[in-house]
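Asks:
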Amino acid sequence: MTDWSALMARPPLWLRVALPCLFFVLVLVAWQVIVRTADISPLILPAPSAVLDDLRQHAGTLALSTWNTLLITLKAFVLGTVAGILLAIAFSRSRLLELAVSPLLVLTQVTPTVAIAPLVLVWVGIDNVDSAILLLAAIIAFFPVTSNTMLGLRSVSHDLHDLFTVRRATSLQRLFLLELPAALPYTLAGARMAGGMALVGAVVAEFVAGSGTDAGLAWRISEAANRLNTPRMFAALFLLGLLGVAISGALSLLQYLCLRRWHESAVSRDR
Amino acid sequence: MAETHGFRIEARGIGKRFSGQAAPTLSALDLTIGGGEFVSLLGPSGCGKSTLLRLLAGLLRPSEGTIRWVAPDGSSASGTRLPDIALVPQEPTLLPWKTVFDNVSLPLRLRGTARAAAAPRVLDLLRALGLEGREKSWPRELSGGMKMRVSIARALVTEPDFLLMDEPFAALDELTRHRLNDDLRALYTQRRPTVILVTHSVEEATFLSTRIVALSRGRVAWDLPVDFGPERAGLRDHAAFQALRGDIAARLRADQAALS
Ligand SMILES: Nc1ncnc2c1ncn2[C@@H]1O[C@H](COP(=O)(O)OP(=O)(O)O)[C@@H](O)[C@H]1O
Ligand SMILES: [Mg+2]
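Chains as they are written, first to last, in my numbering: chain Z, 1 to 271; chain A, 1001 to 1260.
#1: Using CA atoms only, rank isn't needed, just tell me which of A:Trp-1069, A:Ala-1028, A:Gly-1034, A:Gln-1021 is closest to A:Gly-1046.
#2: Nearest chain Z C-beta to A:Glu-1064 closer than 9 Å, yes or no?
#3: Would you list the residues sitting across from A:Arg-1219 in a DSSP beta bridge?
#4: For my contact list, Z:Asp-188 and Z:Leu-254 are in at a C-beta cut-off of 8 Å; report their separation, rounded to the angstrom.
#5: Taking all protein chains shown into account, decide if Z:Leu-62 is buried (16 or more other Cβ within 10 angstroms of its Cβ) or exposed.
#6: Can you list, in chain order, the stretches of the beta strand (DSSP E) that have 3 or more residues and sit fully within the segment 1012-1050 of chain A?
#7: Using a Cβ-Cβ distance under 9 Å, would Z:Ser-171 count as near chain A?
#8: Give every residue of the same chain whose Cβ lies closer than 7 Å to the Cβ of Z:Ser-102, excluding the five residues on either side of it in the sequence, and list them in chain order.
#9: Can you confirm whether A:Ile-1033, when its beta carbon is compared against all beta carbons of chain Z, has any partner nearer than 9 Å?
#10: Under the criterion of a Cβ to heavy atom distance below 8 Å, does A:Cys-1325 qualify as lining ligand 1?
#11: Output yes if chain A places a C-beta closer than 9 Å to the C-beta of Z:His-263; else output no.
#12: For chain A, check one thing: does any of its Cβ atoms lie closer than 9 Å to the Cβ of Z:Arg-168?
#13: Straight-line CA distance for A:Phe-1169 to A:Ala-1221?
#14: Taking the continuous beta strand (DSSP E) assigned at A:Val-1157, which residues delimit it?
#15: Any beta-carbon of chain A closer than 9 Å to the one on Z:Ala-182?
#16: With DSSP as the reference, identify every bridge partner of A:Asp-1166, one or two as the case may be.
#17: Taking only three categories from DSSP, how would you classify A:Thr-1336?
#18: Going along the chain, which residues of the segment 1121-1144 of chain A sit with their C-beta nearer than 8 Å to a C-beta in chain Z?
#19: List, in order along the chain, the chain A residues whose C-beta lies closer than 7 Å to that of Z:Thr-37?
#20: Would Z:Ala-235 and Z:Asn-68 be called neighbours here (beta carbons separated by less than 9 Å)?
#21: At 7 Å on the CB atoms, spell out the chain A contacts of Z:Ser-155, in chain order.
#22: Identify every residue that forms a DSSP beta bridge with A:Trp-1069.
#23: Quick one: measure Cβ to Cβ for A:Pro-1092 and A:Lys-1147, integer angstroms, because I've assumed they're closer than 8 Å.
#24: Sort out for me which residues DSSP pairs A:Ala-1086 with in a bridge.
#25: Let me know the secondary structure DSSP gives A:Thr-1004 once reduced to three states.
#26: Can you give me the C-alpha to C-alpha distance between Z:Ala-50 and Z:Val-245, rounded to a whole angstrom?
#27: Thinking C-beta only, is A:Thr-1066 closer than 9 Å to A:Leu-1060?
#28: Whole angstroms are fine: how far does the CA of A:Ala-1028 sit from the CA of A:Gly-1015?
#29: Mind checking Z:Met-150: buried by the 16 CB within 10 Å criterion, or exposed?
#30: Looking only at its chain, what residues have a beta carbon closer than 7 Å to the beta carbon of Z:Thr-66, apart from the 5 residues adjacent to it on each side?
#31: Could you tell me if the beta carbon of A:Thr-1025 falls within a distance shorter than 8 Å of some heavy atom in ligand 1?
#32: Is it the case that the segment 1112-1126 of chain A contacts the segment 1073-1091 of chain A, given that we only count it when at least three CB pairs across the two stretches are under 8 Å?
#33: Let me know if Z:Ala-100 comes out buried or exposed under the rule of 16 or more other beta-carbons within 10 Å of its beta-carbon.
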């Protein structure tokens, strides 16, 4: 069985994809069989086939909602990441600013989004729901980027700082040629978290704020819940899960592409 | 020294006490170095060699005394007229996200030299240091000795007036160290920068230097010229070399004995 244990020790990519897919299919089959044999009401637990039917019949609406949620998540992610990096840079330049402001940022993180949503809605405008959702999602997303980037900016070795000092580098050169590249692995790890949190933020915000002109998946779910349309809820949930996996996968890929040539975390070693 | 070209650095009455230290690391230290000398700093661990080097490099401020750069015409140098200094730390700290080429060209890039304009100089140096064909390698792909070569190439790329090195070869095996000593000696005779080298190896100091300065009790214990002339290939086997080496080792032992 040494072949098998070697395969498990360093599973190739196809195996990493195939195994969870296979397991998911098994779960679906078991689910289908149980629902059919136990005759469970579709209001409580619809069979996977029923969910699939609903997905097919309302493919257009659901695809549009998926697209809307994706769009707002991406916007929030970009907004949150850029703001997060800028904030980390500002904090690393000014200790005073960091000491004064960063404890308050923790406040935005420990206060549940659901709780601040109505306030943001009032500020941004009830007729501006999309912006409110975007802002809420970004508020959730920026924090891991800021805290990770700050850690990264601080982790630059003293010897490298000395090198830049002796060579009389300007502070901009130090920032762009030393500190930001050194922080990149940290920033990317933060961005991966931010991707997931932007999606959570977009969904939670839409639940609370309702929908603007373009309904997203959260809106579809609450709409289906109001009409006791359980298969539709599952269909929307399934799409939401897919979206989450896709975002996380894309960010992992970005991380790998940026770091593969030089960073220990991304370099595979012969053993 | 016969030639007095270039800058010199004058340290007068230097004292350095780190916060929380009972006795100062350096006290009332006087030292003038310049004009293309190759000075080796010797002394027991913890006697303040690295501290002195970092003071000279401007990375630390002295608690007492002054450090002054003096231009060839005898005037104090400041601002844009400061000499070009390069530092080789004990660990070859390369930027892991840059290739060998980009690491070596970094000091030139910091001055605004374009990548293409830097290329001939960088490739020349890589060849001189036995790193030909390695310009596209990443630091993690290099052995310790190769990383140190890259670090030295990076220091030399701007043709610095002052080259400060802190035990650069301490972590290398003897064969590699000899080879890098030979390379360093060759580069030194070609360009004649002023070199200040911290080392634990009496042999290395004797082979490379034109002057050896020993530290003890936070000041200069003794200061000795080394008159072997510029051509030093095969010098390690000569009786005169062995004799001086033995003499220096004996002086260092005497310093140690005086401490306890
Ligand atoms: N940044 C620092 N902070 C506090 N003490 C230091 C610092 N750097 C060096 N020292 C102290 O100064 C003394 C001399 O250190 P160092 O210059 O590194 O010696 P050497 O290089 O000769 O071995 C040591 O006792 C060390 O503990
Ligand atoms: Mg030292």
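All C-beta atoms, glycine included, are put in the ideal place defined by N, C-alpha and C.
Replies: According to the structure shown:
#1: A:Gln-1021
#2: Judged by the 9 Å Cβ criterion, A:Glu-1064 is not in contact with chain Z.
#3: A:Ser-1216
#4: Asp is not the amino acid found at residue 188 of chain Z; the sequence shown has Leu there. Correct: roughly 7 Å between the Cβ atoms.
#5: buried
#6: 1026-1034, 1038-1042
#7: Cβ-Cβ to chain A under 9 Å: no for Z:Ser-171.
#8: Phe-91
#9: No, because no Cβ of chain Z sits closer than 9 Å to the Cβ of A:Ile-1033.
#10: Any answer about residue 1325 of chain A is impossible in this case: the structure gives chain A only from 1001 up to 1260.
#11: yes
#12: At least one chain A Cβ lies under 9 Å of Z:Arg-168.
#13: 24 Å
#14: No beta strand (DSSP E) holds A:Val-1157; DSSP gives it neither H nor E.
#15: yes
#16: DSSP, once it has assigned bridges, lists A:Val-1198 as partnering A:Asp-1166.
#17: Given that chain A is displayed from residue 1001 to residue 1260, the structure contains no residue 1336 of chain A and the question cannot be resolved.
#18: Trp-1138, Pro-1139, Arg-1140
#19: The premise fails here: Z:Thr-37 is roughly 58 Å from chain A at the closest Cβ pair, so nothing lies under 7 Å.
#20: For the 9 Å CB-CB criterion, Z:Ala-235 and Z:Asn-68 do not form a contact.
#21: Simply none; closest approach about 12 Å.
#22: A:Trp-1069 pairs with A:Ile-1009.
#23: 4 Å
#24: A:Leu-1163
#25: Because the pLDDT at A:Thr-1004 is just 39, under 50, the model does not fix this residue reliably, and the point stays unresolved.
#26: 23 Å
#27: no
#28: 6 Å
#29: buried
#30: Leu-217, Leu-239, Leu-243
#31: Correct: A:Thr-1025 has its Cβ closer than 8 Å to ligand 1.
#32: no
#33: With fewer than 16 other Cβ atoms within 10 Å, it is exposed.
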